[in-house]
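Asker: Numbering (the UniProt record's numbering), first residue to last: 1 to 517.
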């Protein structure tokens, strides 16, 4: 008799009915039918696990191939129970079992128990099981136990080494990851990218570019993931020349400029101040995803090109790409930087009404900034007063900055003290409040702000500047003599100040923290 025609299983009642038909026809034990039933039951393990366990326990020919897919689909608690059922049948796991159950294993006790079982059954010499065990310990933030397994030998392969590099990087142990990386007997593109990504995540952008240079020096052919990571590193380092070099390397290597890579390039050019180069990359991309549209709109926005930004947004809508909450932030930012208050309010209403985007804290901050930059401080304050949630320091900070910009001392002082209490270790908040009070000649209050900074051990951060010279990124900090050409740098600065002073230049000291005891 033919098997019943498969029907979509949407409820447990439908599954029971279908299962009973299979039993009557003697087909319930057929692997394809059994897997279909089990895959449905795995969708809601809290409700259906007993049914799945009975189905497997009474299967006439149990095999790990039936259990293994279910192990990876179940949450750790149920996966452990299913493994216990396997062992009770008795049905020994195969070399696919532990790689299925270990990646999602938690808590740590379960990982340790699986580790003991893995060793007992002799799978510690199997590379896939070993790699899954390494990943599980690292996912549970136990690099010490992962390192013990790793150093203990076994069937290590390039995946084992890469798992350690990537896992240590995710835990912020970048130097430890580099030690493992340097000891790798062989590396693949995933290994190179894992080390680069770890440095990028840690903010060590120049180290990431050093790894990228080493990869190319060894003649390793890159891919889009490596190129995107290199572009992000250039963005973080402010290394425009290096970014252009990465772009040329992509073209020479024949790497396809997909959406992710194009977005990284657009972001790099925008943040390095080259909006037109960003637009060329953007326009050359035939199929643009939402992230790429958002990146281009945001890049134009922060450079004050509000009309261009909203024109790109209009094109995005015409292409049928629905905006999200990031799009709304970028459009509001564009309007704020270009003084397009009415348009900003209209776009907000349009995006919320048509696309159902829910307003979040950052949207209220953008709206406050929109009104604040335009000097409409009462409207900005009304936005804060009408918010459905308590404003955070970002929202209040937007109004605080607007008060300083437009000289509203009374409102600025009231908001400034709130901002300082919400962000007590940010020296910039104190400086802004002190300078606002200084503009009104309120020197006693300026001294009060200074005393509060001293009591809280808050000091003004030294100014920093970054410049790229011949492909090398140099960072200078105010008062520092660490650069090898510090004497020449300061001599040049003094000479420039003397020359521009002779031309009648007077420095603007309004934003200098007044030293009032």
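Cβ coordinates follow ideal geometry from the N, Cα and C atoms, glycine included.
Keep in mind the model is a prediction, meaning the values are calculated, not measured.
Going straight from the alpha carbon of residue 71 to that of residue 370, what length do you get?
Answerer: If I take the Cα positions, the gap works out to 52 Å.
Asker: If you run the structure through DSSP and keep just helix, strand and coil, what is residue 127?
Answerer: In the structure shown, residue 127 sits in a helix (DSSP, three-state: H, G or I).
Asker: My assumption, with CB atoms under 8 Å, is that residue 260 sits in contact with residue 224. Please give the rounded CB distance.
Answerer: The Cβ separation is near 7 Å, so the contact holds.
Asker: I need the boundaries of the alpha helix (DSSP H) containing residue 335, first residue and last residue.
Answerer: That run of the alpha helix (DSSP H) goes 325-337.
Asker: Indicate whether residue 334 and residue 374 have their beta-carbon atoms separated by less than 8 Å.
Answerer: Against a cut-off of 8 Å, the Cβ pair of residue 374 and residue 334 comes out as no contact.
Asker: What's the gap between the Cα of residue 332 and the Cα of residue 367?
Answerer: So the alpha carbons of these two residues sit roughly 7 Å apart.
Asker: So residue 416 is in the alpha helix (DSSP H); what residue range does that whole segment cover?
Answerer: Element bounds for residue 416: 409-422.
Asker: Can you have a look at residue 457 and say buried or exposed, based on whether 16 or more other CB atoms are within 10 angstroms of its CB?
Answerer: Classification for residue 457: exposed.
Asker: What does the Cβ neighbour count give for residue 214, buried or exposed, with the cut at 16 atoms within 10 Å?
Answerer: With fewer than 16 Cβ atoms within 10 Å of its Cβ, residue 214 is classed as exposed.
Asker: Please state if the CB of residue 103 and the CB of residue 80 are separated by a distance shorter than 8 Å.
Answerer: Going by C-beta atoms, residue 80 is not nearer than 8 Å to residue 103.
Asker: If you draw a straight line from the alpha carbon of residue 87 to that of residue 49, how long is it in whole angstroms?
Answerer: Taking the straight line joining both Cα atoms gives about 17 Å.
Asker: Go through the region 269-298 residue by residue and report every complete run of the alpha helix (DSSP H) that reaches 4 residues or more, in order.
Answerer: The region 269-298 contains these whole alpha helix (DSSP H) runs: 275-284.
Asker: Does the beta-carbon of residue 280 have 16 or more other beta-carbons within 10 angstroms, so that it is buried, or is it exposed?
Answerer: That one is exposed.
Asker: Secondary structure at residue 96, three-state DSSP: helix, strand or coil?
Answerer: Residue 96: coil per DSSP, three-state reduction.
Asker: Determine the direct distance from the alpha carbon of residue 16 to that of residue 22, and round the result to whole angstroms.
Answerer: Answer to the nearest angstrom: the Cα atoms are 10 Å apart.
Asker: Which word fits residue 382, buried or exposed, when buried means at least 16 other C-beta atoms lie within 10 angstroms of its C-beta?
Answerer: Residue 382 should be labelled exposed.
Asker: Give the straight-line distance between the Cα atoms of residue 451 and residue 391, rounded to the nearest whole angstrom.
Answerer: Whole-angstrom Cα-Cα distance: 27 Å.
Asker: Hey, would you say residue 146 sits closer than 8 Å to residue 138, going by beta carbons?
Answerer: Contact flag set, yes.
Asker: Measure the beta-carbon distance from residue 154 to residue 130 and round it to whole angstroms, keeping in mind my assumption that it falls under 8 Å.
Answerer: Going by Cβ atoms, the distance from residue 154 to residue 130 rounds to 5 Å, so yes, they are a contact pair.
Asker: Since residue 401 and residue 365 are thought to touch, with beta carbons under 8 Å apart, how far apart are those beta carbons, to the nearest angstrom?
Answerer: About 11 Å; that fails the 8 Å criterion.
Asker: Quick one, are the C-beta atoms of residue 237 and residue 205 less than 8 Å apart?
Answerer: Contact: yes.
Asker: Under 6 Å Cβ to Cβ from residue 278, same chain only, skipping five residues before and after it: list those, please.
Answerer: Here the set comprises 266, 269, 270, 299.
Asker: Which of the three DSSP states is assigned to residue 255 in this structure?
Answerer: Correct three-state label for residue 255: coil.
Asker: What does the alpha-carbon distance come out to for the pair residue 109 and residue 119?
Answerer: Going by the C-alpha atoms only, they are around 16 Å apart.
Asker: Of the residues 171, 221, 185, which one's Cα is nearest the Cα of residue 193?
Answerer: Comparing Cα positions, the closest option is 221.
Asker: Using DSSP with H/G/I as helix, E/B as strand and the rest coil, what is residue 215?
Answerer: Note: residue 215 maps to helix in three-state DSSP.
Asker: Going by beta carbon distance, what residues of the same chain come within less than 8 Å of residue 360, once the five residues before and after it are set aside?
Answerer: Closer than 8 Å at Cβ, skipping near neighbours: 325.
Asker: If you draw a straight line from the alpha carbon of residue 488 to that of residue 346, how long is it in whole angstroms?
Answerer: Cα to Cα, the separation comes out at about 53 Å.
Asker: For residue 1, which three-state DSSP category applies?
Answerer: Legend: pLDDT at residue 1 = 47, less than 50; position of this residue unreliable, value from coordinates given subsequently. It is coil, neither helix nor strand.
Asker: List the endpoints of the continuous alpha helix (DSSP H) containing residue 147.
Answerer: Element bounds for residue 147: 143-151.
Asker: What is the rounded straight-line gap between the Cα of residue 83 and the Cα of residue 99?
Answerer: Whole-angstrom Cα-Cα distance: 13 Å.
Asker: For residue 112 and residue 150, I'd like the C-alpha separation in whole angstroms.
Answerer: Distance between the alpha carbons of residue 112 and residue 150: 15 Å.
Asker: Using a Cβ-Cβ cutoff of less than 6 Å, which residues in the same chain neighbour residue 561 once the five nearest sequence positions on both sides are dropped?
Answerer: This structure does not reach residue 561, given that the chain is present from 1 up to 517, and the question cannot be answered.
Asker: In whole angstroms, what separates the C-alpha of residue 411 from that of residue 495?
Answerer: Their Cα atoms are separated by approximately 42 Å.
Asker: Return helix, strand or coil for residue 485, following the three-state DSSP convention.
Answerer: Of the three classes helix, strand and coil, the one that applies to residue 485 here is coil, per DSSP.
Asker: Between the C-alpha atoms of residue 171 and residue 290, what's the straight-line distance to the nearest angstrom?
Answerer: When rounded, the distance between both Cα atoms is 30 Å.
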